[in-house]
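Down below is the structure, laid out as structure tokens.
Number of protein chains: 2
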Amino acid sequence: MTKDIESTILKAASSVFVKDGYDGARMNVIAEKAGINKALLHYYFRSKNHLFQMVFERLMHDFFSSIYREVSMDTDFRTYLDNFVSIYLNTISKRPYVIRFMIWELGHGSGTVNELIGRIMKKWEIKEIPVITAVQRAIDRGEIRAVDPIQLFISLIALCIFPFAARAILENKVEGLKVLSKEFVEARKEAILDLIWNGISLKEDDR
Amino acid sequence: MTKDIESTILKAASSVFVKDGYDGARMNVIAEKAGINKALLHYYFRSKNHLFQMVFERLMHDFFSSIYREVSMDTDFRTYLDNFVSIYLNTISKRPYVIRFMIWELGHGSGTVNELIGRIMKKWEIKEIPVITAVQRAIDRGEIRAVDPIQLFISLIALCIFPFAARAILENKVEGLKVLSKEFVEARKEAILDLIWNGISLKEDDR
DNA sequence: GTTAAATTTGACTATATGGTTAAAGTGAAT
DNA sequence: ATTCACTTTAACCATATAGTCAAATTTAAC
Chain V
1271 MTKDIESTIL KAASSVFVKD GYDGARMNVI AEKAGINKAL LHYYFRSKNH LFQMVFERLM
1331 HDFFSSIYRE VSMDTDFRTY LDNFVSIYLN TISKRPYVIR FMIWELGHGS GTVNELIGRI
1391 MKKWEIKEIP VITAVQRAID RGEIRAVDPI QLFISLIALC IFPFAARAIL ENKVEGLKVL
1451 SKEFVEARKE AILDLIWNGI SLKEDDR
Chain G
1271 MTKDIESTIL KAASSVFVKD GYDGARMNVI AEKAGINKAL LHYYFRSKNH LFQMVFERLM
1331 HDFFSSIYRE VSMDTDFRTY LDNFVSIYLN TISKRPYVIR FMIWELGHGS GTVNELIGRI
1391 MKKWEIKEIP VITAVQRAID RGEIRAVDPI QLFISLIALC IFPFAARAIL ENKVEGLKVL
1451 SKEFVEARKE AILDLIWNGI SLKEDDR
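Heads up: the protein sequence lines correspond to chains V and G, in order.
With the working numbering applied, the first sequence corresponds to residues 1271 to 1477, in that order.
With the working numbering applied, the second sequence corresponds to residues 1271 to 1477, in that order.
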């Protein structure tokens, strides 16, 4: 069935592109991985470029829709943050390679890729970034200090994403660290929330 | 002079490799950029692979030696952190593309690259990670809460590095954000230190 | 000035790779 | 069974690209 083979190809292409990048990916490798002839790739997807765009769009969609799914805003900010961090870490730890890939390909600055981003951002309407509005509201409500919402937003995703993006470096530098392990992900969750809420200053009871 | 042309080549190669990655880089482009014949590349540097290794090693050395320079340990932790964040942000904001490049190439997991990392890490003796020991000492001295030093280390570099690694995405999502601007770098510095020390809980005086 | 070594170049090669094509296979509708 | 559209394949093609080489040119030593 056509739908079947198409998704087989897309899956194979995804894994190759994500690992090797656009320039490093080879059509014959993708074909082999999909268990088909190389010419079939060009039958189903006109060109490498076209195939890449399909893959890329699919990845971004999957990624963002996983992340932007119901983080109910109708809670106190503490609960909101708990959910946010939890969902981010779960989503990313399941797709650790995608982050590296996205940082690489999105940073390319090529016209083609930039248009692609534009289209995708529009398509999945990454509007107003929910976190930022949530932060602003928490401040207005007096739930948290009046920090810069954009900086906090950047800090939040940095704390969640970075360990997976820089996994290779971290695991090389910190003996025994296993970023993808369940234990680390859980510990990371705790650490982020603790840091975000309390910083590192001594608590009153510790003085 | 031979030393001169070698460094000219290395500079050209750096810029091309950092932007396009190993797979995307083209020897003739490097040659053009260095203002020499393509064959000269192979005269001075045996092969693309060899040239890449030279470039990579040089970049890593430059990067780490910039970062690990005198962050005097003989201060209170607050001053230490100020210096740390300041140096990190300054170093990275001057080389924003290198981060993306390192995340990409180091994450490749190929045998060649991994050996390379190993050699470099050994060579520039990235030992025991100074921050971690500094954190531990601050805890022992009762300067800060007893947080996990490794998690704090990861958080620190995440907060500093991420905005530059993910610059393309961030600037696309946040209208008007200019990650490389002096203003942002300064604001980021403040935000990181503020968050690290105080978290986002309400201060007593705000209640 | 002559010689020898180091440097530089243009022309070339081998190969890998994205892409094409024409022909063969398959299956459903009539 | 014939037709016809869809699918699949092997064999090609054109080009790009890393790498080579022999000859030319410059530099340094004497």
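Glycine included, every Cβ here is placed at the ideal spot set by N, Cα and C.
All of these numbers come straight from a predicted model, not from anything done at the bench.
Does the beta carbon of residue i come closer than 8 Å to any beta carbon on chain V?
i                   : result
Ile-1365 of chain G : A small correction: the amino acid at residue 1365 of chain G is Arg; Ile does not occupy that position in the sequence shown. For Arg-1365 of chain G, the answer is no, since every Cβ of chain V falls outside 8 Å of its Cβ.
Val-1238 of chain G : Outside the modelled stretch of chain G, which goes from 1271 to 1477, sits residue 1238 of chain G, for which no answer is possible.
Arg-1328 of chain G : no
Ser-1425 of chain G : yes
Ile-1439 of chain G : yes
Arg-1370 of chain G : yes
Ala-1404 of chain G : no
Ser-1451 of chain G : no
Ala-1283 of chain G : no
Ile-1362 of chain G : no
Asp-1352 of chain G : no
Leu-1376 of chain G : yes
Below 7 Å, is the gap between the Cβ of residue i and the nearest heavy atom of the ligand ATP?
i                   : result
Ser-1451 of chain V : By its list of ligands, the structure shown contains no ligand whatsoever, and the ligand ATP lies outside what it can speak to.
Counting only C-beta atoms, is residue i closer than 8 Å to chain G at any point?
i                   : result
Asp-1476 of chain V : Only weak support exists for where Asp-1476 of chain V lies, its pLDDT of 46 falling under 50; the value from the coordinates is given anyway. It does; some Cβ of chain G falls within 8 Å.
Gln-1421 of chain V : yes
Pro-1433 of chain V : yes
Val-1444 of chain V : yes
Arg-1411 of chain V : no
Asn-1468 of chain V : yes
Glu-1276 of chain V : no
Arg-1458 of chain V : yes
Ala-1309 of chain V : no
Gly-1305 of chain V : no
Asp-1346 of chain V : no
Ile-1387 of chain V : yes
Ser-1336 of chain V : no
Ile-1279 of chain V : no
Ala-1301 of chain V : no
Leu-1359 of chain V : no
For residue i, which residues from the same chain have a beta carbon less than 7 Å from its beta carbon, with the 5 sequence-adjacent residues on both sides left out?
i                   : result
Val-1401 of chain G : Phe-1354, Phe-1423 and Leu-1426
Tyr-1292 of chain V : Phe-1322 and Glu-1375
Ile-1431 of chain G : Ile-1362 and Ile-1369
Glu-1445 of chain G : none
Glu-1327 of chain G : Ile-1390
Arg-1477 of chain V : Per-residue confidence for Arg-1477 of chain V stands at a pLDDT of 42, beneath the threshold of 50, marking its modelled position as unreliable; the derived number appears in the next sentence. Nothing listed; no residue qualifies.
Just the Cα atoms here: how many angstroms apart are residue i and residue j?
i                   : j                   : result
Arg-1296 of chain G : Ala-1461 of chain G : 40 Å
Asp-1344 of chain V : Glu-1385 of chain V : 35 Å
Ile-1373 of chain G : Lys-1281 of chain V : 24 Å
Gly-1377 of chain V : Gly-1412 of chain G : 42 Å
Ile-1390 of chain G : Lys-1393 of chain V : 43 Å
Thr-1278 of chain G : Leu-1329 of chain G : 15 Å
Arg-1316 of chain G : Leu-1351 of chain V : 53 Å
Ile-1275 of chain G : Tyr-1314 of chain G : 9 Å
Met-1324 of chain G : Ile-1409 of chain V : 50 Å
Phe-1454 of chain G : Val-1299 of chain V : 43 Å
Arg-1407 of chain G : Asp-1346 of chain G : 10 Å
Gly-1388 of chain V : Lys-1289 of chain V : 23 Å
Val-1286 of chain G : Phe-1371 of chain G : 11 Å
Gly-1379 of chain V : Asn-1319 of chain V : 16 Å
Arg-1339 of chain G : Arg-1339 of chain V : 44 Å
Ser-1451 of chain G : Lys-1308 of chain V : 46 Å
Pro-1433 of chain G : His-1312 of chain V : 38 Å
Residue j and residue i - do their beta-carbons sit closer together than 8 Å?
i                   : j                   : result
Ala-1283 of chain G : Leu-1310 of chain G : no
Arg-1437 of chain V : Pro-1366 of chain V : yes
Val-1449 of chain V : Glu-1441 of chain V : yes
Val-1417 of chain V : Asp-1464 of chain G : yes
Ile-1420 of chain G : Lys-1443 of chain V : no
Ile-1439 of chain V : Trp-1467 of chain G : no
Leu-1472 of chain G : Arg-1348 of chain V : no
Leu-1429 of chain G : Leu-1447 of chain V : no
Ala-1435 of chain G : Ala-1435 of chain V : yes
Whose C-beta lies closer than 8 Å to the C-beta of residue i among residues of the same chain, with five residues either side of it excluded?
i                   : result
Gly-1294 of chain G : none
Ser-1356 of chain G : Lys-1459
Ile-1337 of chain G : Ile-1357, Tyr-1358 and Thr-1361
Phe-1333 of chain V : Thr-1361, Arg-1365, Val-1368 and Met-1372
Item to check | Touching by the beta-carbon criterion (3+ pairs, under 8 Å), the segment 1300-1310 of chain V and the segment 1291-1306 of chain G | outcome: Taking 8 Å as the limit for Cβ pairs, the verdict is that the segment 1291-1306 of chain G does not touch the segment 1300-1310 of chain V.
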